[in-house]
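Read the structure below first, then the notes.
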Amino acid sequence: AVDLLLTGKKQEDLRAAADFLREKLEAYSGIIDIADTDRPGKRELTFGELTAEGRAAGLRLGEVASQVRRAFYGDEVQRLQRGDDEVKVMVRYPEGERESVENFEQMKLRTREGTVPLSQVVHVRERRGPDTIRRSDRNRAIRITADVDYTRGNANEVVRRFKEEALSQVTGNFPGVTYRFEGEQSDQAESVREIGLGFVFALIVMYVLMAIPLKSYLQPLIIMSVIPFGIVGAVLGHVFMRTELSIMSMCGFVALAGVVVNDSLLMVDYVNRKKKTSANILEAAVSAGAVRFRAILLTSLTTFVGLTPMLMETDMQARFIIPMAISLGFGILFATTITLILVPSAYVILEDLRMAGRWLIGKDRGSSLPGVEDVTISTVSSDDLVNRM
């Protein structure tokens with residue numbers, strides 16, 4: 019659904035902006051039940067400017083309004099006590115002279131020169147007042163709402179186009195009018211912020227939980243480096259399935275982060291154990307990829323196959339969880355491919371950098387730089403050189 023709140027100082031500008039936005043909404047397919055809160059109320063008579071005769075008579079709008087109020091509402095002249103009740107005595111025009119616009123316009127106003135009809139001293143306009151005056155942050159407000167027929171359109175797509183094509187023109191065409199989304203869009207934005215904060219917190223906890231047993235500050239980063247690639251795979255999965263990203267998709271991103279690190283963790287743990295029995299870190303990394311390849315691939319494939327029935331679901335009650343299944347399924351598949359290549363490579367690079375750092379600070383000056391083979395230099399005499407030739 020679409021739920022938009024317009025705020026501004028002038029009701030006329032708000033009404034014009036609301037009409038403009040309603041016209042734009044009506045052009046989108048699938049939009050139904052467009053409405054706003056600025057409904058016309060009862061008929062009312064309002065004072066405009068004083069006429070030349072009114073100004074010449076020395077009248078002011080406040081004085082005119084005061085005389086009209088006393089004539090129609092009444093003026094208290096005294097109070098009478100009747101038992102325990104106090105009764106006000108009001109003086110005003112007879113009821114027959116307070117029932118029509120003609121009576122109102124012909125009522126007599128007192129001036130310095132006598133009495134004159136109201137219509138001669140002030141301009142009177144008839145209009146419909148607002149049904150309810152709504153305010154937000156001390157400004158006038160109009161709320162525009164609309165529903166989306168999900169068989170004909172997508173709410174997120176409609177809101178995106180509405181922002182680009184209509185709301186971007188509001189500030190320029192209607193100065194002083196501001197807008198913000200309420201209802202579903204506001205709740206969705208708040209949910210996105212909360213999920214983002216929760217995701218960051220989850221990443222920190224995952225890092226700490228892996229850094230403690232691994233006794234390393236950098237190896238957890240290698241393990242977690244596949245998370246961005248998993249999210250890329252999830253987005254590509256939404257493109258492939260022609261499904262819009264939603265809150266459930268983002269929930270799938272968070273769940274995906276906790277799943278894709280499992281394969282990386284297994285591989286890093288195997289390399290650590292293999293490194294204890296092998297002096298060559300490259301051989302340990304290659305061995306880890308070869309040994310863990312089948313287990314990692316089967317784990318990812320079985321997970322994706324298990325999610326396939328959910329991906330193929332067509333029931334309307336289950337469609338809202340399909341974006342989460344897409345994030346998990348395609349994210350795991352994409353991250354698995356990256357894991358088999360990225361994690362061993364990153365581990366070897368990190369180990370080379372660590373050894374190079376130790377060599378530069380002098381802890382391993384006695385050994386050669388990583389990747390540089392030992393070279394033996396021998397000397398021969400000139401006679402031996404001639405004999406060899």
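The C-terminal residue of the sequence shown carries number 407 in the numbering used here, and the numbering is unbroken.
Each residue gets a CB set at the ideal place from its N, CA and C atoms; glycine is no exception.
CA-to-CA distance, residue j to residue i, given in whole angstroms
| i | j | result |
| --- | --- | --- |
| V95 | D54 | 45 angstroms |
| L236 | P362 | 14 angstroms |
| L387 | I367 | Note that L387 scores 48 on pLDDT, short of 50, meaning its location in the model is unreliable; the coordinates nonetheless yield the value given after this. Those two C-alpha atoms are separated by around 14 angstroms. |
| R158 | A364 | 59 angstroms |
| G389 | S204 | At G389, the pLDDT of 48 sits below 50, so the modelled position is not reliable and the matter cannot be decided from this model. |
| V107 | L136 | 26 angstroms |
| R128 | G80 | 13 angstroms |
| F65 | G214 | 55 angstroms |
| N9 | Q206 | A question about residue 9 goes unanswered here, because the residues of the chain that appear run from 19 up to 407. |
| P409 | R198 | The requested residue 409 is not part of the displayed model; the chain covers only 19 to 407. |
| E71 | T150 | 35 angstroms |
| A343 | L23 | 34 angstroms |
| A306 | T295 | 13 angstroms |
| G101 | G114 | 32 angstroms |
| D155 | K28 | 14 angstroms |
| Q124 | R73 | 18 angstroms |
| P112 | S84 | 18 angstroms |
C-beta atoms of residue i and residue j nearer than 8 angstroms
| i | j | result |
| --- | --- | --- |
| E200 | H141 | no |
| R116 | G92 | no |
| A19 | V166 | yes |
| R40 | I162 | yes |
| D56 | I160 | yes |
| G347 | V272 | no |
| R170 | G270 | no |
| V304 | Y288 | no |
| V139 | L63 | no |
| V195 | D31 | yes |
Limits of the alpha helix (DSSP H) - the one that residue i falls within
| i | result |
| --- | --- |
| T320 | 299-329 |
| I265 | 265-295 |
| A173 | 173-180 |
| P135 | Note, P135: premise wrong, no alpha helix (DSSP H); beta strand (DSSP E) at 132-135. |
| T354 | 340-378 |
| G251 | 245-259 |
| L32 | 29-44 |
| E81 | 79-90 |
Where the beta strand (DSSP E) containing residue i begins and where it ends
| i | result |
| --- | --- |
| R61 | 58-68 |
| R161 | 157-166 |
| F199 | 196-199 |
| R145 | 140-148 |
| L24 | 20-26 |
Cβ distance (whole Å) where residue i is taken to contact residue j below 8 angstroms
| i | j | result |
| --- | --- | --- |
| F247 | F311 | Actually they do not touch by this definition, with Cβ atoms about 18 angstroms apart. |
| V188 | A35 | 6 angstroms |
| L254 | S345 | Not a contact, Cβ separation roughly 11 angstroms. |
| R61 | R146 | 6 angstroms |
| L315 | V244 | Their Cβ separation, rounded to whole angstroms, is 15 angstroms, which puts L315 and V244 out of contact at 8 angstroms. |
| I299 | E369 | 5 angstroms |
| A75 | V134 | 7 angstroms |
| A164 | L43 | 5 angstroms |
Residue i CB to nearest heavy atom of the ligand FMN below 7 angstroms
| i | result |
| --- | --- |
| N157 | The ligand FMN is not part of the structure shown, which contains no ligands of any sort. |
Taking 8 angstroms as the cut-off, does the segment 314-322 touch the segment 343-351 (at least 3 CB pairs, one atom from each stretch)? The segment 343-351 is in contact with the segment 314-322.
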